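S.K.: I'd like to ask some things about the structure below.
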Amino acid sequence: MTQAARTYAVIGATDHALALAAELRLAGNRVIVAEQTARKAALDALAVAPGLDVDCQVKSVVGGEQRTLVTGIEVACDISAAVEVAEVLIFMTPQTAYEEILTASAGHLRNDQIILLCPGGLGGALLVAGIAAKAGAPGLLVAQTSAMPLGGRHVGPNALRIASKKKVLPVGVFPASRTQELLERLAADFPQLIANANVVETGFASAAMGLHPIPMIMNAARIEADGPYIYDSYEITPSIARVIDAVDAERQQILKALGAPLTTFADILKQSYGVPGNSFYEVVHAVPGYKQVKSPPDLSYRYLSEDVPTQLVPAIALARVLGVATPTLDATVNYTNAMHGCDYWQSGWNLWKLGLGGLDAAGIAALLAGGFDAR
1388 MTQAARTYAV IGATDHALAL AAELRLAGNR VIVAEQTARK AALDALAVAP GLDVDCQVKS
1448 VVGGEQRTLV TGIEVACDIS AAVEVAEVLI FMTPQTAYEE ILTASAGHLR NDQIILLCPG
1508 GLGGALLVAG IAAKAGAPGL LVAQTSAMPL GGRHVGPNAL RIASKKKVLP VGVFPASRTQ
1568 ELLERLAADF PQLIANANVV ETGFASAAMG LHPIPMIMNA ARIEADGPYI YDSYEITPSI
1628 ARVIDAVDAE RQQILKALGA PLTTFADILK QSYGVPGNSF YEVVHAVPGY KQVKSPPDLS
1688 YRYLSEDVPT QLVPAIALAR VLGVATPTLD ATVNYTNAMH GCDYWQSGWN LWKLGLGGLD
1748 AAGIAALLAG GFDAR
């Protein structure tokens, strides 16, 4: 390994988070991983292991295809300890946990840091930037990607398989006026980043809005009875694909009202994975990384409990400001509310929480470009 070029804190202990931590360490960086106390069992095992046994099956990952023991990944005793020393904080936790984590670590945030949310939901960077500003770090650079950079899967104790890596990864920066700065500062370790116009456009550059909630709701009976089971291509049938297409049509109307480029869910998957197909149904079934994966274990899984409040709810709120009808998205939230016995309309990310409350389309555009001072 070369001498560490930068200190990264990867916040999260999922398979995908550990895959990214491994790649950053293979690139010669100092890497610290941390997790919330209630979720850190995986890190406790890593802390006493000689390293992370990585089976990389992707040529584009640093080091290429190889089986190697990645050593030197540090495990922080708590998140604040990692935040205090890191130059770049990469959040790969549930988006619903951002407020709790950052509020607890607020005293350690600095203006010279970068926070990268992987992914960031719809407006996560706005939420985080607001917390940082209140904590005395208004100059901290916040960005969010549209998806997770790598796909990892535990295959044994402290053993991880890296199965996929995004060929390109859309990123949005808040404020958008600092986009070039972000790209330059992360170029060495994240050359796959491509810039969107702003963080809201990045929030819409993810297929998760349709790919996650709709198949889970429409396969609810089997998930509740048999989960987890093999969930090839999210068990998307032609009928389920048509419902996802309806969500996509509403999403594109929101993008059109925002003046953003129009892309389909199929376009996003083609760009991310380099797969063929003439329809969403064909494309989703062509993604190798969607084969032989496990279904959600139950109906409280993050595809609903996280994606609905942090992606669908703010998307619908924006649509209402822009005068766009969203009947399929509305129905998805209402079904999830009924299934979970809660009200995501109230607990989800509304425009006030994201700092966009009371603004019209022009005001939203100005704030996204120039920051909160542009209100």
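Oh and the sequence shown: position 267 is 1654 in the working numbering, straight run, nothing missing. From the three backbone atoms N, C-alpha and C, an ideal C-beta is built for every residue, glycine too. Nothing here was measured: the structure is a model prediction, and the numbers come from that model.
So the candidates are L1570, T1715, G1710; which of them puts its Cα closest to the Cα of Q1579?
M.R.: L1570
S.K.: Pick helix, strand or coil for Y1668, following the three-state DSSP scheme.
M.R.: helix
S.K.: Identify whether Y1395 lies in helix, strand or coil by the three-state DSSP scheme.
M.R.: Of the three classes helix, strand and coil, the one that applies to Y1395 here is strand, per DSSP.
S.K.: In three-state terms, what does DSSP make of V1420?
M.R.: Of the three classes helix, strand and coil, the one that applies to V1420 here is strand, per DSSP.
S.K.: Could you give the C-beta distance for T1697 and Q1482, rounded to a whole number, given that I count them as a contact under 8 Å?
M.R.: The beta carbons of T1697 and Q1482 sit about 4 Å from each other, so the pair counts as a contact at 8 Å.
S.K.: Helix or strand or just coil, what does DSSP make of R1548?
M.R.: strand
S.K.: Give the secondary structure of T1565 by DSSP, where H, G and I count as helix, E and B as strand, and everything else as coil.
M.R.: Correcting the residue type first, residue 1565 is Arg in the shown sequence and not Thr. It is helical.
S.K.: So, helix, strand or coil for I1610, using DSSP?
M.R.: helix
S.K.: Given this structure, state the Cα-to-Cα distance separating V1515 from L1489, to the nearest angstrom.
M.R.: 8 Å
S.K.: For the candidate residues F1561, E1422, Q1453, whose alpha-carbon lies nearest to that of E1479?
M.R.: According to the sequence displayed, residue 1479 carries Met and not Glu. The shortest C-alpha separation from M1479 is found at E1422.
S.K.: Roughly how many whole angstroms lie between the Cα atoms of C1443 and A1404?
M.R.: So the two alpha carbons sit approximately 14 Å from each other.
S.K.: Measure how close the beta-carbons of L1527 and A1594 come, nearest whole angstrom, since I'm counting them as under 8 Å.
M.R.: About 29 Å; that fails the 8 Å criterion.
S.K.: Looking only at C-alpha atoms, which of K1552, F1577, R1689 sits nearest to T1723?
M.R.: Nearest to T1723 by C-alpha distance, out of K1552, F1577, R1689, is R1689.
S.K.: Using DSSP with H/G/I as helix, E/B as strand and the rest coil, what is A1594?
M.R.: In the structure shown, A1594 sits in coil (DSSP, three-state: anything other than H, G, I, E or B).
S.K.: State the beta-bridge partners of R1540 as determined by DSSP.
M.R.: R1548
S.K.: Throw me the rounded Cβ distance for the V1586 and A1519 pair, which I believe falls under 8 Å.
M.R.: Their Cβ separation, rounded to whole angstroms, is 14 Å, which puts V1586 and A1519 out of contact at 8 Å.
S.K.: Hey, how far is the Cα of I1601 from the Cα of A1392?
M.R.: Each residue's Cα considered, the two are about 42 Å apart.
S.K.: Thinking just about the alpha-carbon of each residue, which of V1418, A1522, M1535 is nearest to the one in V1555?
M.R.: M1535
S.K.: Taking the beta carbon of Q1500 as the centre, do at least 16 other beta carbons fall within 10 Å, making it buried, or is it exposed?
M.R.: buried
S.K.: Would the beta-carbon of V1418 fall within 8 Å of that of I1549?
M.R.: no
S.K.: According to DSSP, simplified to helix, strand and coil, what is P1339?
M.R.: Past the edges of the chain, shown from 1388 to 1762, lies residue 1339, and the structure says nothing about it.
S.K.: Look at the alpha carbon of V1670 and the alpha carbon of L1476, and state the distance between them as a whole number of angstroms.
M.R.: 33 Å
S.K.: Should N1498 be labelled buried (16 or more other beta-carbon atoms within 10 Å of its own) or exposed?
M.R.: Counting the other Cβ atoms within 10 Å of the Cβ of N1498 gives fewer than 16, which makes it exposed.
S.K.: Residues bridged to E1693 by DSSP?
M.R.: E1693 pairs with nothing; no bridge assigned.
S.K.: Among residues of its own chain, excluding the 5 on either side of A1473, which ones have a beta-carbon nearer than 6 Å to its beta-carbon?
M.R.: T1394, A1396
S.K.: Which residue marks the beginning of the beta strand (DSSP E) containing V1457, and which one marks its end?
M.R.: 1453-1457
S.K.: On the three-state DSSP scale, how would you describe F1759?
M.R.: helix
S.K.: Inspect the beta-carbon positions of G1539 and L1547 and report whether they are closer than 8 Å.
M.R.: Contact flag set, yes.
S.K.: Would A1406 pass as a contact of L1504 if the rule is Cβ separation under 8 Å?
M.R.: No.
S.K.: Taking 8 Å as the threshold, find out whether the region 1745-1761 comes into contact with the region 1618-1630 through three or more Cβ pairs.
M.R.: No, the region 1745-1761 is not in contact with the region 1618-1630.
S.K.: Just reading off the alpha helix (DSSP H) that F1577 is part of, what are its end residues?
M.R.: Counting along the chain, F1577 falls outside any alpha helix (DSSP H), and DSSP gives it neither H nor E.
S.K.: Beta carbon of L1699, beta carbon of V1680: below 8 Å?
M.R.: no
S.K.: I need the straight-line Cα distance from S1533 to L1433, nearest angstrom please.
M.R.: 28 Å
S.K.: Check E1474 in the structure and name its three-state DSSP category.
M.R.: In the three-state scheme derived from DSSP, where H, G and I count as helix and E and B as strand, E1474 is classed as coil.
S.K.: Using a Cβ-Cβ cutoff of less than 6 Å, which residues in the same chain neighbour E1611 once the five nearest sequence positions on both sides are dropped?
M.R.: L1686
S.K.: If we call anything under 8 Å between Cβ atoms a contact, is F1561 one with V1529?
M.R.: yes
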